[in-house]
Amino acid sequence: MVFSTDPDYNYEYEDEATVETLEPAKQKLTVRIDRHARGGKQVTLVMGFVGTADDLAELAKMLKSRCGVGGAAKDGEIIIQGDFRDKVTDLLRGEGYNAARGN
Numbered sequence: 000m001v002f003s004t005d006p007d008y009n010y011e012y013e014d015e016a017t018v019e020t021l022e023p024a025k026q027k028l029t030v031r032i033d034r035h036a037r038g039g040k041q042v043t044l045v046m047g048f049v050g051t052a053d054d055l056a057e058l059a060k061m062l063k064s065r066c067g068v069g070g071a072a073k074d075g076e077i078i079i080q081g082d083f084r085d086k087v088t089d090l091l092r093g094e095g096y097n098a099a100r101g102n
């Protein structure tokens, strides 16, 4: 519906499915390197996170600070600047996540 002349009309909104964050032991995260469409620069990608955007951002902040580099959390992925596959995998496992290194 775009417009209604009825002042008492109640718009019905579809309930957005709220995604609850799985506990770390149930997460299946993949850590891999990516160079595609990044001007030849390497980034470490953490994929497979199931949860809210806030929890994803919090995890990304922890990884960025412990690696001492920049990065971002968007579209369900964490992007860490540089090749930190081993370090990120070890950090995630230390926090109780089920993390594996991908190709």
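According to numbering that gives the first Met the number 0, the stretch in the sequence shown is residues 0 to 102, in order. No residue lacks a Cβ here, since even glycine has one placed at the ideal position from N, Cα and C.
Grab the span of the alpha helix (DSSP H) containing Val18 for me, first residue to last. Unbroken run through Val18: none, as it is neither H nor E.
Under 8 Å between C-beta atoms of Gly95 and Ala24: yes
Give the straight-line distance between the Cα atoms of Asn97 and Ser3, rounded to the nearest whole angstrom. 51 Å
Element boundaries [alpha helix (DSSP H), containing Glu57]: Ala52 to Cys66
Measure the C-alpha to C-alpha separation of Leu21 and Asp7 and round it to an integer number of angstroms. 41 Å
Neighbourhood of Phe83 by C-beta distance below 6 Å, restricted to the same chain and skipping five residues each side: Thr43 and Cys66
Opposite Asp33 in the DSSP bridges: which residues? Val42
Report the three-state DSSP secondary structure of Gly75 (helix, strand or coil). coil
On the DSSP letters alone, give me the boundaries of the alpha helix (DSSP H) that Phe85 sits inside. In the sequence as presented, Phe is not what sits at residue 85; that position holds Asp. Its alpha helix (DSSP H) spans residues Arg84 to Gly93.
Can you give the Cα-Cα distance for Lys73 and Ala52, rounded to whole angstroms? 8 Å
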